[in-house]
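If you're matching them up, the sequences are chains A and B in order. Going by this note's numbering, the final residue of the first sequence carries number 287, and the count climbs one at a time with no gaps. Going by this note's numbering, the final residue of the second sequence carries number 1287, and the count climbs one at a time with no gaps. For each residue, glycine too, the CB sits at the ideal point set by N, CA and C. Data first, discussion second: the structure below is written as structure tokens.
Number of protein chains: 2
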Amino acid sequence: MQPTDKPWFTESCDECGSAFSLSLTDKQKVHEEQTPFQKIEVYETEKFGNLMTIDGFVMLTTRDNFLYHEMMTHPVLFTHPDPKRVLIIGGGDCGTLREVLRHPGVELAQQVDIDEGVTRASEKYFPELCESNGDPRAELHFADGLKWVKEAEAGYYDVIIVDSTDPIGPAEGLFGEAFFRDCLRALGDDGIMVQQSESPLFHMKLLEAIHTYMRRAGFDHSQTLHFPQPVYPSGWWTCTMASKSPFNGFREEASAARPFKTLYYSPEVHKGALALPPFMQEAFENL
Amino acid sequence: MQPTDKPWFTESCDECGSAFSLSLTDKQKVHEEQTPFQKIEVYETEKFGNLMTIDGFVMLTTRDNFLYHEMMTHPVLFTHPDPKRVLIIGGGDCGTLREVLRHPGVELAQQVDIDEGVTRASEKYFPELCESNGDPRAELHFADGLKWVKEAEAGYYDVIIVDSTDPIGPAEGLFGEAFFRDCLRALGDDGIMVQQSESPLFHMKLLEAIHTYMRRAGFDHSQTLHFPQPVYPSGWWTCTMASKSPFNGFREEASAARPFKTLYYSPEVHKGALALPPFMQEAFENL
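Rendered as structure tokens:
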């Protein structure tokens, strides 16, 4: 079962010892751009729709981004008692922004991505993810997320979603204690931050570090959720929430009565995502 | 991020439009054998331990087989009220057998795989999966599973686990209505069968067909569970249970008090696996 001679995009991960490939149409690459921050490429795949990569790493595809975007958004928004002001750090493809704006109670959703190029490419190649960009509650800022959070008014946000690339390159600072401390300051008393936190199979050390840094930064509670994400290494991914207040479940009734359609998220799936396998529980208990 | 020049094993799936690769040690392939049924190969990977393939398709690796084996076994055994006699069709690597035998109430666990070569290779390259093969409750038969079930005493088994390869080649018959009808006949009144049922992202048509065939075969109830399985296409996998009696949850207390260690399975994870995403629920409701 060697790859046939059709064109493929391949991302290999040396530390994982694995690689993942998507077969491409004859058009292959439809966009390539070196921005001041990173290299953005878009490929046309045979079965996954469009594929965006940054510096050669898979960011998203048309076919399966719903998993990541729904799980980065709805669990945290249904955990906060009444989220009105939401900040998205990164998330330039606007898919998280779209999911946030599905919540009628949200009054302001600010997306702060350092690279305008990502949003412009998404508008062209993932227009469905950008359909809410004109919502009057949406603000798109192209700026340094670290600086944005540092300079934010104390207690201003209800939810901060860190929808970043991997913790190398421009996103590295988004996984550290200093950034988490700034997030804590920028959040209200019931505030919650959520961070994409990589694969349970490959990145348990990083996951443990994220919990440790969140606690050191002053968050008293942190909680990881897991979900499938086929185009990321191992196909199994996580996000990790942190809060000053204890997590006492989530607003299940509101979640069940959500006035929008989801493909993956439901209150039952939310509970399932919180049910960590024993090997993860043990790792976190020993922190 | 092209694969580096190290050696890789790659499985590509044309219908999925994707491929998955594992990096190999310098030894690369450590076993190759054409049995009367199929080609068995074992590779030494850099990060996943040993890898067994059959006819070029990934069967299992040392590192992540716990996900599949635990989820093919514990949910169905904790759903049946008191499983004593368990039949495993396929499962020649003996990993499912090992998990079944962890249940003290099981009195007989028969593994019926058509190809002895799989078990002999597993004994050598996955010895930890074969550690229970000498259990007095274990029977290893190398025979045609279709025929075995057809000739079984009616009502003999409590649980039948169909731990098969993909529905092409020798395993094709294991996904059909006639086989399911034979399973139904071989099961007691509370009997449950479970079938590995491929990826929710790639194989929803097959999943729908499995439910349809199970119902047509006379099972009144069928239920799919989902879980991560990194080395299978999409990294997201399912099994589907079928029963004459309605599924009324599972033995949660027994599951919580299980006298053996699991890495992935727990009663909470069990519930999470039963929580199907809306897109799957809708597909099954429309059958």
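So which of the options has the shortest CA-CA distance to residue i?
| i | options | result |
| --- | --- | --- |
| residue 1054/B | 1116/B, 1128/B, 1275/B and 1263/B | 1116/B |
| residue 1194/B | 1008/B, 1225/B and 1167/B | 1225/B |
| residue 163/A | 131/A, 28/A, 71/A and 38/A | 71/A |
| residue 1158/B | 1276/B, 1244/B, 1042/B and 1094/B | 1244/B |
| residue 1238/B | 1094/B, 1150/B, 1249/B and 1280/B | 1280/B |
| residue 1278/B | 10/A, 267/A, 188/A and 273/A | 267/A |
| residue 251/A | 146/A, 270/A and 236/A | 270/A |
| residue 1132/B | 1142/B, 1110/B and 1057/B | 1110/B |
| residue 1155/B | 1216/B, 1085/B and 1096/B | 1085/B |
| residue 210/A | 199/A, 176/A and 200/A | 176/A |
| residue 22/A | 39/A, 43/A and 67/A | 43/A |
| residue 1288/B | 1263/B, 1041/B, 1033/B and 1008/B | Any answer about residue 1288/B is impossible in this case: the structure gives chain B only from 1001 up to 1287. |
| residue 1011/B | 1217/B, 1077/B, 1089/B and 1052/B | 1052/B |
| residue 33/A | 121/A, 183/A and 166/A | 121/A |
| residue 1134/B | 1265/B, 1047/B, 1263/B and 1108/B | 1108/B |
| residue 1152/B | 1076/B, 1185/B and 1027/B | 1185/B |
| residue 167/A | 90/A, 129/A, 150/A and 215/A | 90/A |
| residue 190/A | 208/A, 160/A, 204/A and 203/A | 160/A |
| residue 1147/B | 1182/B, 1047/B and 1129/B | 1182/B |
| residue 48/A | 1140/B, 1038/B and 1013/B | 1013/B |
| residue 118/A | 5/A, 165/A and 68/A | 165/A |
Nearest chain B C-beta to residue i closer than 8 Å, yes or no?
| i | result |
| --- | --- |
| residue 269/A | yes |
| residue 20/A | yes |
| residue 64/A | yes |
| residue 283/A | no |
| residue 87/A | no |
| residue 1/A | Because residue 1/A carries a pLDDT of 44, less than 50, the predicted location of this residue cannot be relied on, and no value is offered for it. |
| residue 23/A | yes |
| residue 5/A | no |
Output yes or no for whether 8 Å exceeds the beta carbon distance between residue i and residue j.
| i | j | result |
| --- | --- | --- |
| residue 106/A | residue 100/A | yes |
| residue 1227/B | residue 1242/B | no |
| residue 126/A | residue 248/A | no |
| residue 64/A | residue 1201/B | yes |
| residue 1145/B | residue 1114/B | yes |
| residue 45/A | residue 61/A | yes |
| residue 179/A | residue 188/A | no |
| residue 1223/B | residue 1212/B | no |
| residue 1197/B | residue 1234/B | no |
| residue 1096/B | residue 1088/B | yes |
| residue 1066/B | residue 1274/B | no |
| residue 58/A | residue 232/A | yes |
| residue 1138/B | residue 1204/B | no |
| residue 129/A | residue 98/A | yes |
| residue 236/A | residue 1230/B | yes |
Against residue i, what residues of chain B qualify as contacts under a CB-to-CB distance less than 8 Å, listed in chain order?
| i | result |
| --- | --- |
| residue 264/A | 1277, 1278 and 1279 |
| residue 122/A | Simply none; closest approach about 21 Å. |
Listing by chain order, which chain A residues have their CB less than 7 Å from the CB of residue i?
| i | result |
| --- | --- |
| residue 1016/B | 47 |
| residue 1201/B | 64 and 230 |
So with Cβ pairs under 8 Å, would you call residue i a contact of chain A?
| i | result |
| --- | --- |
| residue 1206/B | no |
| residue 1230/B | yes |
| residue 1164/B | no |
| residue 1272/B | yes |
| residue 1078/B | no |
List the residues of chain E that residue i touches, going by C-beta distances under 8 Å, in chain order.
| i | result |
| --- | --- |
| residue 1148/B | Included in the structure are the protein chains A and B, with no chain E among them. |
Residues of chain B with CB under 7 Å from residue i, in chain order?
| i | result |
| --- | --- |
| residue 235/A | 1228, 1230, 1234, 1235 and 1236 |
Exercise. Looking at C-beta atoms only, is the number of pairs between the segment 255-265 of chain A and the segment 1012-1023 of chain B that lie closer than 8 Å three or more?
Worked result: No, they do not touch.
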